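Each residue of the sequence shown is one higher than the one before, starting from 17 at the first, in my numbering.
Virtual Cβ for every residue (Gly too), placed ideally from N, Cα, C.
Because the structure is a prediction, the values reported are computed rather than measured.
Accompanying notes for the structure given below.
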Amino acid sequence: MKVLVNNTIESRENVAIDIEDRGYQFGDGVYEVVRVYEGEVYELDGHVERFFRSAQEIDITLSYTVNELKENIKALIAENNVVDGGIYFQVTRGVSPRKHSYDRTLASHLIAYPLYFTRPKEKQLSGVTAITVDDLRWLRCDIKSLNLLYNVMMKQKAQDNKAFEGIFVRDDVITEGTSTNVFIVKDGVYKTHPASNMILNGITRQRILSLLSENNFTVEEVKFTKAELLAADEVFITSTTSEVMPIIEIDNQIIGQGQVGDKTKQIYNLLINYIG
Ligand code: PDD
């Protein structure tokens with residue numbers, strides 16, 4: 017496997033992470049997952065721009081431009097012959113003797129490598145289940161931080177309950193999933209939590225909002241409660257890897273008719289057509 021390290025592509029065997037890399041010790045860094053369909057990278061601009069924003073928000077300086085990173089990612093896809101899958105990329109603040117505060121002259125450390133997976137079609141057709149969990153994360157969920165410990169714990173709790181996703185509830189409001197954004201449909205209106213520090217503004221979420229508006233569906237970026245979630249006609253979650261994933265049961269309660277709803281199918285089809 018070929019991997020990108022800062023500005024150069026190398027063989028994976030030749031790359032090592034320092035024991036004092038701040039990403040390893042503190043989770044001091046940010047990341048992205050970008051999708052590749054049939055060898056073509058999808059929504060690269062949105063992911064790379066969000067990556068630069070996340071890095072800036074935590075005061076990490078990157079040693080390449082947006083365009084350089086985009087070109088390097090495309091080269092990495094070609095080098096590895098990624099047909100279906102994606103690229104994971106992350107940057108850490110760099111290597112220094114362990115202490116909490118940091119030195120702004122540190123050289124940040126980027127790595128990127130290919131992921132191989134396919135569209136989760138069966139689950140998209142059948143729908144999946146979810147559980148609700150308390151949102152005990154920090155208040156900068158808009159930053160795509162490497163610190164995913166609570167997300168990891170709650171995804172595992174979902175899996176232990178044979179559920180696909182854990183849906184976060186903060187002060188009775190549904191924020192997002194452990195690695196997805198959440199939409200409900202009620203009386204024909206699509207709703208999702210507004211973009212704020214309480215959620216990651218998903219690239220898929222943003223694409224879905226545009227597709228819904230362009231196709232004259234009613235969509236609102238508004239807060240909704242756990243009671244509204246459970247009483248929704250339809251629920252679906254979105255992400256780079258899940259695309260549109262219907263949720264047919266939450267906390268052992270059937271949602272709507274307990275099957276993939278028409279409004280979910282409509283936005284799923286719009287997204288799949290858009291992807292091409
Ligand atoms: N997860 N919310 C959270 C907390 C996420 O981690 C993600 C993405 C999303 C959806 O964002 P997007 O549509 O840009 O993928 C929402 C990625 C895929 C991951 O951690 O693997």
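For residue 145, which option in 272, 178 and 219 has the closest C-alpha, if you only look at C-alpha atoms? 178
Give the range of the alpha helix (DSSP H) segment to which residue 240 is assigned. Careful: residue 240 lies outside any alpha helix (DSSP H) and carries neither H nor E.
The region 66–86 touching the region 195–211, judged by at least three CB pairs closer than 8 Å: no
Coil, strand or helix - residue 176 by DSSP: helix
Would you kindly report the start and end of the unbroken alpha helix (DSSP H) that includes residue 227? 219–230
Where does residue 162 fall in DSSP's three states? coil
Short of 7 Å in beta carbon distance, which residues of its chain neighbour residue 258, apart from the five on each side in sequence? Order them along the chain. 136 and 196
Heavy atom of the ligand GDP within 6 Å of residue 219 beta-carbon: In terms of ligand content, the structure shown lacks the ligand GDP and carries the ligand PDD instead.
Quick test of the definition: if touching needs 3 or more C-beta pairs under 8 Å, does the region 206–218 touch the region 234–245? yes
Quick check: what's the CA-CA separation for residue 281 versus residue 232? 16 Å
Name the two residues that bound the continuous beta strand (DSSP E) containing residue 153. First-last for residue 153: undefined, no H or E at that position.
Who are the Cβ neighbours of residue 40 in its own chain at under 7 Å, not counting the five residues just before and after it? 33
Assuming residue 92 contacts residue 171 (C-beta within less than 8 Å), just tell me the rounded distance between them. Wrong, their Cβ atoms sit about 27 Å apart, outside the cutoff.
Indicate the three-state DSSP secondary structure (helix, strand or coil) for residue 67 in the structure shown. helix
Kindly list the residues whose CB is nearer than 7 Å to the CB of residue 71, restricted to its own chain and excluding five residues on each side of it in sequence; keep chain order. 46, 78 and 107
Determine the direct distance from the alpha carbon of residue 29 to that of residue 220, and round the result to whole angstroms. 33 Å
Three-state secondary structure (DSSP) at residue 319? Residue numbering for the chain in the displayed model covers 17 to 292; residue 319 lies beyond these limits and cannot be assessed.
Within the continuous beta strand (DSSP E) that includes residue 106, where are the two ends? 101–108
Start and end of the alpha helix (DSSP H) containing residue 290? 278–291
Proximity of residue 286 and residue 227 at Cβ, strictly below 7 Å: yes
Can the beta-carbon of residue 52 be found closer than 7 Å to that of residue 98? yes
In this structure, how does DSSP classify residue 94 when only helix, strand and coil are distinguished? helix
Under 6 Å: does the beta carbon of residue 73 sit that close to some heavy atom of the ligand PDD? no
Quick one: using the 10 Å Cβ neighbour count with 16 as the cut-off for buried, is residue 114 buried or exposed? exposed
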